[in-house]
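The opening residue of the sequence shown carries number 2 in this note's numbering; numbering runs sequentially from there. Just below is one structure, and these are the notes that go with it.
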Amino acid sequence: MKGNRSKEFAKRKKTGRVLGLTALLSLSMVFGGCKKEDVVRVAVTEEKHVQILAELFCQLAKEKDIECETRQTQPGIANIHPALENDSLQVGIEYTQTAWSNILQKRTTYRPNDLTELQREYHNRKLYWCNLPRVEDAYSLAVSQEMADEYNLQTLGDLAKISETLVIGAPTLFFEEADAYPLIQENYGMDFKTTVNISEQNVAQNILDQKVDVVSAHSLDGGIKAADLVVLEDDLKVGVVATVGIVVSKPAMMEHPQLNVVAQEIGRILTSEQLADLSQDVLNGVATPEEIARQLLIENDLIEQKE
(Lines of atoms letter the chains of each structure in order from A and count residues from 1; the text may use other names and numbers.)
(Lines give C-alpha, C1' and ligand atoms only; values in the text may rest on other atoms or scores of the structure.)
Protein backbone atom coordinates (compact mmCIF):
# COMPACT_ATOMS: atom_id res chain seq x y z
CA MET A 1 0.00 0.00 0.00
CA LYS A 2 2.79 2.31 0.93
CA GLY A 3 4.43 1.72 -2.44
CA ASN A 4 1.20 2.47 -4.27
CA ARG A 5 0.73 5.73 -2.35
CA SER A 6 4.27 6.80 -3.26
CA LYS A 7 3.62 6.10 -6.92
CA GLU A 8 0.32 8.00 -6.78
CA PHE A 9 1.99 10.98 -5.11
CA ALA A 10 4.75 11.01 -7.73
CA LYS A 11 2.13 10.87 -10.46
CA ARG A 12 0.20 13.80 -8.99
CA LYS A 13 3.41 15.77 -8.56
CA LYS A 14 4.33 15.21 -12.22
CA THR A 15 0.82 16.16 -13.33
CA GLY A 16 1.03 19.31 -11.21
CA ARG A 17 4.28 20.32 -12.88
CA VAL A 18 2.74 19.81 -16.35
CA LEU A 19 -0.33 21.84 -15.43
CA GLY A 20 1.86 24.54 -13.91
CA LEU A 21 3.97 24.74 -17.05
CA THR A 22 0.82 24.91 -19.19
CA ALA A 23 -0.52 27.74 -17.05
CA LEU A 24 2.75 29.66 -17.36
CA LEU A 25 2.71 29.24 -21.13
CA SER A 26 -0.88 30.46 -21.26
CA LEU A 27 -0.04 33.51 -19.17
CA SER A 28 2.95 34.19 -21.41
CA MET A 29 0.68 34.15 -24.45
CA VAL A 30 -1.84 36.46 -22.79
CA PHE A 31 0.63 39.04 -21.50
CA GLY A 32 3.31 38.69 -24.16
CA GLY A 33 2.24 37.20 -27.46
CA CYS A 34 -1.20 38.77 -27.78
CA LYS A 35 0.11 42.20 -27.05
CA LYS A 36 2.69 41.83 -29.78
CA GLU A 37 0.08 40.68 -32.29
CA ASP A 38 -2.05 43.76 -31.53
CA VAL A 39 0.60 45.99 -33.10
CA VAL A 40 -0.24 47.04 -36.66
CA ARG A 41 2.99 46.89 -38.66
CA VAL A 42 3.23 49.25 -41.64
CA ALA A 43 5.74 48.52 -44.41
CA VAL A 44 7.98 51.47 -45.26
CA THR A 45 10.70 51.73 -47.93
CA GLU A 46 13.44 54.26 -48.67
CA GLU A 47 11.12 56.21 -51.00
CA LYS A 48 10.25 59.51 -49.33
CA HIS A 49 6.61 59.60 -50.42
CA VAL A 50 6.12 56.09 -48.97
CA GLN A 51 7.70 57.21 -45.70
CA ILE A 52 5.29 60.15 -45.51
CA LEU A 53 2.27 57.94 -46.26
CA ALA A 54 3.37 55.42 -43.64
CA GLU A 55 3.78 58.13 -41.04
CA LEU A 56 0.37 59.62 -41.86
CA PHE A 57 -1.19 56.19 -41.39
CA CYS A 58 0.61 55.38 -38.13
CA GLN A 59 0.02 58.74 -36.49
CA LEU A 60 -3.65 58.81 -37.43
CA ALA A 61 -4.12 55.19 -36.29
CA LYS A 62 -2.52 56.01 -32.93
CA GLU A 63 -4.92 58.91 -32.58
CA LYS A 64 -7.68 56.29 -32.73
CA ASP A 65 -5.93 54.22 -30.02
CA ILE A 66 -4.55 51.65 -32.45
CA GLU A 67 -0.96 50.69 -31.70
CA CYS A 68 0.99 51.10 -34.91
CA GLU A 69 4.64 51.06 -36.00
CA THR A 70 6.64 51.18 -39.23
CA ARG A 71 8.82 48.32 -40.44
CA GLN A 72 11.61 48.93 -42.95
CA THR A 73 11.37 46.74 -46.06
CA GLN A 74 12.98 46.58 -49.47
CA PRO A 75 11.06 48.49 -52.19
CA GLY A 76 8.95 46.63 -54.70
CA ILE A 77 5.66 44.81 -54.53
CA ALA A 78 7.42 41.42 -54.63
CA ASN A 79 9.02 42.21 -51.26
CA ILE A 80 5.96 43.68 -49.56
CA HIS A 81 2.93 41.78 -50.85
CA PRO A 82 3.81 38.26 -49.57
CA ALA A 83 4.25 39.69 -46.06
CA LEU A 84 0.78 41.23 -46.28
CA GLU A 85 -0.75 37.94 -47.39
CA ASN A 86 0.81 36.00 -44.50
CA ASP A 87 0.02 38.87 -42.09
CA SER A 88 3.61 39.36 -40.92
CA LEU A 89 2.99 42.92 -42.10
CA GLN A 90 -0.48 44.42 -41.81
CA VAL A 91 -0.30 47.53 -44.01
CA GLY A 92 1.55 48.31 -47.25
CA ILE A 93 1.59 50.92 -50.01
CA GLU A 94 0.89 49.55 -53.51
CA TYR A 95 -0.02 50.90 -56.96
CA THR A 96 -2.98 49.84 -59.09
CA GLN A 97 -1.10 48.99 -62.29
CA THR A 98 1.67 47.09 -60.49
CA ALA A 99 -0.88 45.15 -58.46
CA TRP A 100 -2.95 44.48 -61.59
CA SER A 101 0.03 43.16 -63.59
CA ASN A 102 2.34 41.61 -61.01
CA ILE A 103 -0.02 40.28 -58.34
CA LEU A 104 -3.22 39.55 -60.24
CA GLN A 105 -1.30 38.61 -63.42
CA LYS A 106 -3.64 40.55 -65.72
CA ARG A 107 -2.43 40.94 -69.30
CA THR A 108 -4.43 44.09 -69.93
CA THR A 109 -3.47 47.65 -68.99
CA TYR A 110 -5.14 48.78 -65.78
CA ARG A 111 -7.88 51.37 -66.23
CA PRO A 112 -9.82 53.25 -63.52
CA ASN A 113 -12.98 51.21 -64.08
CA ASP A 114 -10.99 48.08 -63.14
CA LEU A 115 -10.78 49.19 -59.50
CA THR A 116 -13.84 47.21 -58.39
CA GLU A 117 -12.40 43.99 -59.82
CA LEU A 118 -9.00 44.70 -58.27
CA GLN A 119 -10.57 45.25 -54.86
CA ARG A 120 -12.69 42.09 -55.19
CA GLU A 121 -9.70 39.93 -56.09
CA TYR A 122 -7.66 41.40 -53.23
CA HIS A 123 -10.58 40.66 -50.91
CA ASN A 124 -10.43 37.04 -52.06
CA ARG A 125 -6.80 37.06 -50.95
CA LYS A 126 -7.92 38.35 -47.51
CA LEU A 127 -6.64 41.85 -48.21
CA TYR A 128 -8.42 45.20 -48.32
CA TRP A 129 -7.44 47.71 -51.00
CA CYS A 130 -8.17 51.22 -49.70
CA ASN A 131 -7.84 53.54 -52.69
CA LEU A 132 -6.40 57.06 -52.50
CA PRO A 133 -8.27 58.57 -55.48
CA ARG A 134 -6.29 61.82 -55.74
CA VAL A 135 -2.84 60.29 -55.27
CA GLU A 136 -1.67 59.14 -58.68
CA ASP A 137 1.73 58.15 -60.00
CA ALA A 138 2.95 57.94 -63.59
CA TYR A 139 6.31 56.96 -65.05
CA SER A 140 8.28 58.93 -67.61
CA LEU A 141 11.93 59.80 -68.27
CA ALA A 142 13.81 62.95 -67.33
CA VAL A 143 16.90 64.79 -68.56
CA SER A 144 18.82 67.86 -67.45
CA GLN A 145 17.65 71.28 -68.60
CA GLU A 146 20.97 71.64 -70.45
CA MET A 147 20.44 68.45 -72.46
CA ALA A 148 16.82 69.35 -73.19
CA ASP A 149 17.94 72.70 -74.59
CA GLU A 150 20.85 71.23 -76.59
CA TYR A 151 18.79 68.54 -78.34
CA ASN A 152 15.39 70.27 -78.20
CA LEU A 153 13.93 67.45 -76.11
CA GLN A 154 10.33 67.87 -75.06
CA THR A 155 8.81 64.42 -75.52
CA LEU A 156 9.74 60.75 -75.20
CA GLY A 157 9.51 60.61 -78.99
CA ASP A 158 12.26 63.25 -79.23
CA LEU A 159 14.43 61.25 -76.83
CA ALA A 160 13.94 58.01 -78.79
CA LYS A 161 15.72 59.54 -81.80
CA ILE A 162 19.01 59.95 -79.89
CA SER A 163 18.63 57.23 -77.22
CA GLU A 164 21.35 55.00 -78.70
CA THR A 165 23.98 57.59 -77.77
CA LEU A 166 22.83 58.01 -74.17
CA VAL A 167 23.18 56.27 -70.79
CA ILE A 168 20.02 55.70 -68.78
CA GLY A 169 20.01 55.17 -65.02
CA ALA A 170 17.11 53.85 -62.94
CA PRO A 171 16.33 51.58 -59.97
CA THR A 172 16.18 47.88 -60.83
CA LEU A 173 12.39 47.82 -60.45
CA PHE A 174 11.98 50.40 -63.22
CA PHE A 175 13.74 48.10 -65.68
CA GLU A 176 11.72 45.06 -64.55
CA GLU A 177 8.14 46.19 -63.99
CA ALA A 178 5.89 45.83 -67.02
CA ASP A 179 4.33 49.29 -66.70
CA ALA A 180 7.71 51.06 -66.55
CA TYR A 181 10.76 50.74 -68.83
CA PRO A 182 9.53 47.73 -70.87
CA LEU A 183 6.37 49.65 -71.78
CA ILE A 184 8.28 52.79 -72.79
CA GLN A 185 10.97 50.85 -74.65
CA GLU A 186 8.49 48.79 -76.66
CA ASN A 187 6.27 51.67 -77.72
CA TYR A 188 9.00 54.20 -78.49
CA GLY A 189 11.63 51.80 -79.83
CA MET A 190 14.28 53.15 -77.46
CA ASP A 191 17.68 51.46 -77.42
CA PHE A 192 20.06 53.14 -75.00
CA LYS A 193 23.83 52.86 -75.21
CA THR A 194 24.03 51.61 -71.61
CA THR A 195 21.60 50.97 -68.75
CA VAL A 196 22.76 51.52 -65.17
CA ASN A 197 21.06 50.33 -61.99
CA ILE A 198 20.95 53.11 -59.40
CA SER A 199 19.46 53.41 -55.94
CA GLU A 200 15.94 54.63 -55.24
CA GLN A 201 17.58 57.25 -53.05
CA ASN A 202 17.78 60.55 -54.93
CA VAL A 203 17.68 59.29 -58.51
CA ALA A 204 18.12 62.82 -59.88
CA GLN A 205 21.55 63.25 -58.28
CA ASN A 206 23.00 60.84 -60.85
CA ILE A 207 22.29 63.36 -63.62
CA LEU A 208 23.63 66.25 -61.58
CA ASP A 209 26.83 64.25 -61.00
CA GLN A 210 26.97 63.48 -64.75
CA LYS A 211 26.97 59.73 -64.16
CA VAL A 212 24.04 59.20 -66.55
CA ASP A 213 22.20 61.20 -69.22
CA VAL A 214 18.64 60.05 -68.55
CA VAL A 215 16.83 58.87 -65.41
CA SER A 216 13.49 57.34 -64.63
CA ALA A 217 10.96 59.82 -63.32
CA HIS A 218 7.68 59.26 -61.57
CA SER A 219 5.30 61.98 -60.53
CA LEU A 220 5.59 61.34 -56.78
CA ASP A 221 9.38 61.70 -56.75
CA GLY A 222 10.09 65.08 -55.17
CA GLY A 223 13.76 64.75 -56.07
CA ILE A 224 13.07 65.20 -59.78
CA LYS A 225 11.37 68.52 -59.13
CA ALA A 226 14.01 69.61 -56.65
CA ALA A 227 16.79 69.00 -59.18
CA ASP A 228 14.94 71.08 -61.81
CA LEU A 229 15.02 68.25 -64.34
CA VAL A 230 12.87 68.21 -67.46
CA VAL A 231 10.29 65.43 -67.36
CA LEU A 232 9.55 64.45 -70.96
CA GLU A 233 5.99 64.30 -72.21
CA ASP A 234 4.55 60.90 -73.06
CA ASP A 235 3.44 62.02 -76.52
CA LEU A 236 2.07 58.59 -77.50
CA LYS A 237 0.05 58.42 -74.27
CA VAL A 238 1.20 54.86 -73.60
CA GLY A 239 2.10 55.39 -69.95
CA VAL A 240 -0.10 54.12 -67.18
CA VAL A 241 -1.37 56.46 -64.49
CA ALA A 242 -1.48 54.37 -61.34
CA THR A 243 -3.46 55.21 -58.24
CA VAL A 244 -1.91 54.61 -54.84
CA GLY A 245 -3.65 52.13 -52.56
CA ILE A 246 -3.22 51.40 -48.87
CA VAL A 247 -3.46 47.62 -48.49
CA VAL A 248 -4.57 46.21 -45.13
CA SER A 249 -4.57 42.54 -44.11
CA LYS A 250 -7.94 41.03 -43.19
CA PRO A 251 -6.95 40.07 -39.59
CA ALA A 252 -5.86 43.66 -38.93
CA MET A 253 -9.02 45.11 -40.48
CA MET A 254 -11.24 42.74 -38.51
CA GLU A 255 -9.45 43.61 -35.28
CA HIS A 256 -9.41 47.35 -36.01
CA PRO A 257 -12.24 48.37 -38.39
CA GLN A 258 -11.24 52.02 -38.00
CA LEU A 259 -8.17 51.36 -40.14
CA ASN A 260 -10.50 51.80 -43.11
CA VAL A 261 -11.44 55.23 -41.77
CA VAL A 262 -7.75 56.08 -41.38
CA ALA A 263 -7.11 55.26 -45.05
CA GLN A 264 -10.18 57.21 -46.19
CA GLU A 265 -9.14 60.30 -44.26
CA ILE A 266 -5.67 60.23 -45.79
CA GLY A 267 -7.25 59.93 -49.24
CA ARG A 268 -9.45 62.92 -48.50
CA ILE A 269 -6.64 65.31 -47.56
CA LEU A 270 -3.82 64.26 -49.92
CA THR A 271 -3.08 64.90 -53.61
CA SER A 272 -0.26 63.78 -55.93
CA GLU A 273 1.24 67.25 -56.28
CA GLN A 274 1.10 67.83 -52.54
CA LEU A 275 2.81 64.52 -51.77
CA ALA A 276 5.56 65.22 -54.33
CA ASP A 277 6.18 68.64 -52.78
CA LEU A 278 6.32 67.13 -49.29
CA SER A 279 8.77 64.49 -50.54
CA GLN A 280 10.93 67.30 -51.87
CA ASP A 281 10.93 68.89 -48.41
CA VAL A 282 12.21 65.65 -46.90
CA LEU A 283 14.97 65.37 -49.50
CA ASN A 284 15.99 68.99 -48.89
CA GLY A 285 16.18 68.42 -45.15
CA VAL A 286 13.38 70.87 -44.40
CA ALA A 287 11.59 68.36 -42.17
CA THR A 288 11.39 64.65 -41.41
CA PRO A 289 8.54 62.41 -42.63
CA GLU A 290 7.27 62.27 -39.03
CA GLU A 291 7.18 66.07 -38.73
CA ILE A 292 5.56 66.53 -42.13
CA ALA A 293 2.87 63.94 -41.43
CA ARG A 294 2.04 65.45 -38.06
CA GLN A 295 1.80 68.99 -39.43
CA LEU A 296 -0.47 67.89 -42.28
CA LEU A 297 -2.78 66.05 -39.89
CA ILE A 298 -2.92 69.07 -37.58
CA GLU A 299 -3.69 71.44 -40.48
CA ASN A 300 -6.61 69.21 -41.49
CA ASP A 301 -7.97 68.93 -37.92
CA LEU A 302 -7.37 65.19 -37.75
CA ILE A 303 -5.15 65.37 -34.68
CA GLU A 304 -4.66 68.03 -32.04
CA GLN A 305 -1.49 70.04 -31.67
CA LYS A 306 0.30 69.31 -28.43
CA GLU A 307 1.43 72.29 -26.43
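Every residue gets a Cβ at the ideal spot worked out from N, C-alpha and C, and that includes glycine.
- Distance from Gln91 to Val249 at the Cβ level is roughly 6 Å; contact confirmed, criterion being Cβ atoms closer than 8 Å.
- Sixteen is the threshold: since fewer than 16 other Cβ atoms of the shown chains lie within 10 Å of the Cβ of Val287, the residue is exposed.
- Between Leu230 and Ala143, the C-beta spacing is below 8 Å.
- DSSP places Asn125 in no beta strand (DSSP E) but in the uninterrupted alpha helix (DSSP H) bounded by 116 to 125.
- Taking C-beta atoms as the reference points, Asn114 and Thr244 fail to come closer than 8 Å.
- Per DSSP, Glu70 is one residue of the beta strand (DSSP E) stretching across 69 to 73.
- With a minimum length of 4 residues, the unbroken runs of alpha helix (DSSP H) contained wholly in the stretch 48 to 117 fall at 49 to 64, 78 to 86.
- Between Ala171 and Tyr189, the C-beta spacing is not below 8 Å.
- The Cβ atoms of Leu61 and Leu298 lie closer than 8 Å to each other.
- Your pair Glu178 and Asn301 does not check out as a contact, with CB atoms roughly 32 Å apart and the cut at 8 Å.
- Taking all protein chains shown into account, Met255 has fewer than 16 neighbouring C-beta atoms within 10 Å of its C-beta and is therefore exposed.
- Between Ile94 and the set Val204, Phe176, Ile247, Ile270, the nearest pair of CA atoms involves Ile247.
- Going by DSSP, Glu137 is part of no alpha helix (DSSP H) but of the beta strand (DSSP E) stretching over 128 to 144.
- With respect to Val216, Asn203 sits apart: the two C-beta atoms are not nearer than 8 Å.
- Between the stretch 160 to 176 and the stretch 191 to 202 there are three or more inter-stretch CB-CB distances shorter than 8 Å, so the stretches are counted as touching.
- Ser250 has Leu128 as its beta-bridge partners, per DSSP.
- Setting aside the 5 residues that flank it on each side, Lys127 is surrounded in the same chain by Lys251, each with a C-beta closer than 6 Å to its C-beta; the list follows chain order.
- Taking 8 Å as the cut-off, the Cβ atoms of Ser280 and Arg135 do not count as close.
- Non-local C-beta neighbours of Thr196 in its own chain, meaning closer than 6 Å and more than five positions away in sequence, comprise Ile169, ordered along the chain.
- Listed in chain order, the non-local C-beta contacts of Gln306 below 8 Å within the same chain comprise Ile299, local neighbours out to five positions each way being set aside.
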